[in-house]
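J.: Starting off with a structure, shown below.
Chains as they are written, first to last, in this note's numbering: chain A, 150 to 440; chain B, 7 to 415.
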């Protein structure tokens, strides 16, 4: 029997949806349901049945709120700096980016896992790290303790620096492609031929288009950083902690009776992030329909 | 309760079908190994596989297991010992999940645990036993020694077999520090004279250090013995938090944060950032000097009022697939031969749990030939300053209160 092409395409589409549901949505939904039931004492071998005690404990303590705020600040600063640096590089240094060596250097950081980057940052910026030793050798500092506190520090310098080193290469490549695909060079030329000065043409023509086209990606990266684990685990402080570090600490704690509090935090975090993601995509969809 | 059971049933039957039942279930063992003769246990363990979950953070221990224990078991008993990596929290989580899923065929058969994990596993009834009295080599162990038979103030009741014994010790570099502190008064002077060179890790090692401080504040090495005393804890811990908060400005990073794990402290001690460190296994000095991590001038000592001396143990999981195999492996690990090899200062360098007086003469002589440590102190040197591991509630409270009264303050 000959199967028509539209039917083949339709079947492929259905298989795709099934795979997406089976591989991504279903495990996530099961895990979320499990965490939800655990947080209400409905599963878990040490739980005695339905209770809202864990929710009350988590919601009445400031720990999770601080952690949300702290994580959001770190993620926002990291994303803003990464985007700013990438835009500057693409808009003003794009000729240099075409050189093979620089192009290679841009791709290389993408292959480095976050945990390795965190160790690099530690080795470079710790008080006993490379720059501290170099400063000592150059006579800039007289002892290791005089070197600025950049790792496990209260301003999360190490975490932010590592995030930027991981994100900026991606955003540079992303904006570079966007610049080419949107034909921004031609648009800038048109603006200049109509009398705009070159700097203004970049700022008023290319920059707004790049920013607008990358909104969703930027927001998704913000959410991604919000849940980062390895980097803040190695470079962060013990208090406040970023969300994933805090949640995992609660889930692995010595007092087994408090593990449901960890699940409660996980449920709250997942719900908040899912809601943000939902609204991002809804607003994007609305823009497409009405725009 | 019924609703909870129904939810559990639905949820885990679903999970089991989806995730676990990919592999064929083996036939459930019907033999009652508690009644079986040792000959039958050994014979049944031949040509079987035993899954052992252990902490793999020590290269010398890994070397001992991979290059001595595994080949020896293969040769003597035709047992295939498979190692999986995991310590306290991983073991507890795994067994909690298996228990929740009502799995009677666990992924692991035996585990290497300390008192903290023993307490947790007892709580979830995650251990098989009692079994230690069945092991022929248990006759060489002195179960009248409270440092062996009592774990976190709980009698081990033959539910775990002692495998090693070690004492918590302080570590310093004798080339940099002439007179290291041995009590809280001296430590106060030390941190003021050497700001930024001392800290408390927010983990098992750090909490064990705090127990030594609590015992000192209690006035004697035995001050924390017995069951948990809330009033005593409140009084002593208030003094402890006050001492730390008054002096943390002289700690590493001015006490604004604390290392999450003790392994980080080893690196900081090695780089000279910290002048005072600590740890189990008499500070673990020998291994780290031989590895080249610590300088050869590194030395160790016990706190004047005492530091915790405790044993580490081997347990069998409640749902072990191969109980006979696990019993045979544990018995081998307690044999004079395996313990002698483990005690080699150039190798695993772990104190034996065997009582020399109970050993046959030939083995006593062999143990006497073990060379002494070149750098770290021996257990015998420290043992005069030993305190028992206090009741687990002290640890529970210290973890929580160290966070609320110190870290978050």
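Here a beta-carbon is modelled for each residue, glycine too, at the ideal position from N, C-alpha and C.
Fair warning: this is a prediction, and the values are worked out from it, not measured in the lab.
1. For residue 224 of chain A versus residue 371 of chain A, is the C-beta spacing smaller than 8 Å?
2. Would you mind giving the Cβ-Cβ distance between residue 313 of chain B and residue 393 of chain B, rounded to the nearest angstrom? I have them listed as a contact below 8 Å.
3. I need the straight-line Cα distance from residue 375 of chain B to residue 362 of chain B, nearest angstrom please.
4. Show which residues of chain B have a CB atom less than 8 Å away from the CB atom of residue 386 of chain A.
5. Along chain A, which residues have their Cβ under 7 Å away from the Cβ of residue 294 of chain B?
6. Applying a beta-carbon distance threshold of less than 7 Å, which residues of chain A neighbour residue 388 of chain B?
7. Taking only runs that begin and end inside the region 128–181 of chain B, name each unbroken alpha helix (DSSP H) of 4 or more residues, in chain order.
8. Would a check of beta-carbon distances place residue 433 of chain A closer than 8 Å to chain B?
9. Assuming residue 345 of chain B contacts residue 358 of chain B under a Cβ cut-off of 8 Å, what Cβ separation, rounded to an integer in Å, is found between them?
10. I want to verify the contact list: residues of chain A whose CB lies under 9 Å from the CB of residue 72 of chain B, in sequence order.
11. State yes or no: is the beta carbon of residue 192 of chain A nearer than 8 Å to at least one beta carbon in chain B?
12. I need the DSSP call for residue 233 of chain B, collapsed to helix, strand or coil.
13. Please state whether the Cβ-Cβ distance between residue 205 of chain B and residue 137 of chain B is less than 8 Å.
14. At the level of alpha carbons, what is the spacing between residue 127 of chain B and residue 267 of chain A?
15. From the beta carbon of residue 227 of chain B, is the nearest beta carbon of chain A less than 8 Å away?
16. Among A:353, A:386 and A:396, which has the Cα closest to the Cα of residue 264 of chain B?
17. Just to confirm, is the Cβ distance from residue 405 of chain B to residue 234 of chain B under 8 Å?
18. Considering only the alpha carbon of each residue, which of A:383, A:409, A:245 and A:415 lies closest to residue 203 of chain A?
19. Using a C-beta cutoff of 8 Å, does residue 121 of chain B count as contacting chain A?
20. Please confirm if residue 60 of chain B has its CB atom under 8 Å from at least one CB of chain A.
21. At the level of alpha carbons, what is the spacing between residue 357 of chain A and residue 222 of chain A?
22. Whole beta strand (DSSP E) runs in the region 279–355 of chain A with 3 or more residues, listed along the chain?
23. Report the neighbours of residue 208 of chain B on chain A: residues whose CB is nearer than 7 Å to its CB, in chain order.
24. Pick helix, strand or coil for residue 56 of chain B, following the three-state DSSP scheme.
25. I'd like to know if residue 288 of chain B contacts chain A, where contact means its C-beta is closer than 8 Å to some C-beta of that chain.
26. List, in order along the chain, the chain B residues whose C-beta lies closer than 8 Å to that of residue 277 of chain A?
27. Within 10 angstroms of its Cβ, does residue 309 of chain B collect 16 or more other Cβ (buried), or is it exposed?
28. In whole angstroms, what separates the C-alpha of residue 32 of chain B from that of residue 393 of chain A?
29. Which residue comes first and which comes last in the beta strand (DSSP E) that contains residue 190 of chain A?
T.: By the coordinates alone:
1. By one-based count along the first chain, residue 224 of chain A stands at place 75. By one-based count along the first chain, residue 371 of chain A stands at place 222. Contact annotation: residue 224 of chain A and residue 371 of chain A have beta-carbon atoms nearer than 8 Å.
2. Within the second chain, residue 313 of chain B is the residue found at index 307, counting from 1. Within the second chain, residue 393 of chain B is the residue found at index 387, counting from 1. Their Cβ separation, rounded to whole angstroms, is 7 Å, which keeps residue 313 of chain B and residue 393 of chain B in contact under 8 Å.
3. As a position in the second chain, residue 375 of chain B is number 369, starting the count at 1. As a position in the second chain, residue 362 of chain B is number 356, starting the count at 1. Their backbone Cα atoms lie some 13 Å apart in a straight line.
4. Locating residue 386 of chain A in the first chain gives position 237, where the first residue counts as 1. Taking a Cβ-Cβ cut-off of 8 Å, the neighbours of residue 386 of chain A in chain B comprise 262 and 263, given in sequence order.
5. In the second chain, counting from the first residue as 1, residue 294 of chain B sits at position 288. Those do not exist, as residue 294 of chain B stays about 17 Å from chain A at its closest Cβ, beyond 7 Å.
6. Your numbering for residue 388 of chain B matches position 382 in the second chain. Neighbours of residue 388 of chain B in chain A, taken as residues whose beta carbon is under 7 Å from its own, are absent, since the nearest beta carbon is some 26 Å off.
7. 152–155, all fully within the region 128–181 of chain B.
8. For this step, residue 433 of chain A is matched to residue 284 along the first chain. With 8 Å as the cut-off, residue 433 of chain A does not count as an interface residue toward chain B.
9. Residue numbering aside, residue 345 of chain B sits at position 339 when the second chain is read from its first letter. Residue numbering aside, residue 358 of chain B sits at position 352 when the second chain is read from its first letter. The beta carbons of residue 345 of chain B and residue 358 of chain B sit about 4 Å from each other, so the pair counts as a contact at 8 Å.
10. Translated into the one-based positions of the second chain, residue 72 of chain B becomes position 66. Among the residues of chain A, none has a CB under 9 Å from the CB of residue 72 of chain B; the nearest is roughly 25 Å distant.
11. For the purposes of this step, residue 192 of chain A is taken as the residue at position 43 of the first chain. Yes - at least one Cβ of chain B is within 8 Å of the one on residue 192 of chain A.
12. The count along the second chain starts at 1 and reaches residue 233 of chain B at position 227. Per DSSP, reduced to three states, the secondary structure at residue 233 of chain B is coil, with no helix or strand assignment.
13. Position 199 of the second chain, counted from the first residue, corresponds to residue 205 of chain B. Position 131 of the second chain, counted from the first residue, corresponds to residue 137 of chain B. In this structure, residue 137 of chain B does not lie closer than 8 Å to residue 205 of chain B by Cβ.
14. To locate residue 127 of chain B, count along the second chain from 1; it is residue 121. To locate residue 267 of chain A, count along the first chain from 1; it is residue 118. For the pair residue 127 of chain B and residue 267 of chain A, the Cα-to-Cα distance works out to about 34 Å.
15. For this step, residue 227 of chain B is matched to residue 221 along the second chain. Cβ-Cβ to chain A under 8 Å: no for residue 227 of chain B.
16. Taking the first residue of the second chain as 1, we reach residue 264 of chain B at position 258. Minimum Cα distance to residue 264 of chain B is reached at A:386.
17. Along the second chain, one-based indexing puts residue 405 of chain B at 399. Along the second chain, one-based indexing puts residue 234 of chain B at 228. No, the pair does not count as a contact, with Cβ atoms beyond the cut-off.
18. As a working note, residue 203 of chain A is residue 54 in the first chain. When only C-alpha atoms are compared, the closest one is A:409.
19. Taking the first residue of the second chain as 1, we reach residue 121 of chain B at position 115. No - not a single Cβ of chain A is within 8 Å of the one on residue 121 of chain B.
20. Translated into the one-based positions of the second chain, residue 60 of chain B becomes position 54. Closer than 8 Å to the CB of residue 60 of chain B there is not a single CB belonging to chain A.
21. Here residue 357 of chain A is taken as the residue at index 208 of the first chain, counted from 1. Here residue 222 of chain A is taken as the residue at index 73 of the first chain, counted from 1. When the Cα atoms are used, residue 357 of chain A and residue 222 of chain A turn out to be separated by approximately 24 Å.
22. Residue ranges of uninterrupted beta strand (DSSP E) with 3 or more members are absent from the region 279–355 of chain A; none lies entirely inside it.
23. To locate residue 208 of chain B, count along the second chain from 1; it is residue 202. Ordered by position in chain A, the residues that pass the 7 Å Cβ test against residue 208 of chain B are 387.
24. Reading the second chain from its first residue, position 50 is the one you call residue 56 of chain B. If DSSP states are grouped into helix, strand and coil, residue 56 of chain B belongs with the strands.
25. What you label residue 288 of chain B is simply residue 282 of the second chain in a count that begins at 1. Contacts with chain A at 8 Å (Cβ-Cβ) do not include residue 288 of chain B.
26. For the purposes of this step, residue 277 of chain A is taken as the residue at position 128 of the first chain. Here the neighbours are 274, 277, 278 and 279.
27. Translated into the one-based positions of the second chain, residue 309 of chain B becomes position 303. The residue in question, residue 309 of chain B, is buried, as its Cβ has 16 or more Cβ neighbours within 10 Å.
28. Numbered from its first residue, the second chain carries residue 32 of chain B at position 26. Numbered from its first residue, the first chain carries residue 393 of chain A at position 244. Low confidence applies to residue 32 of chain B: its pLDDT is 46, below 50, so where it sits in the model is not reliable, and the reading given next is rough at best. Between residue 32 of chain B and residue 393 of chain A, the alpha-carbon positions lie close to 37 Å from each other.
29. In the first chain, the residue the question calls residue 190 of chain A occupies position 41. That residue, residue 190 of chain A, is in no beta strand (DSSP E); it is neither H nor E in DSSP.
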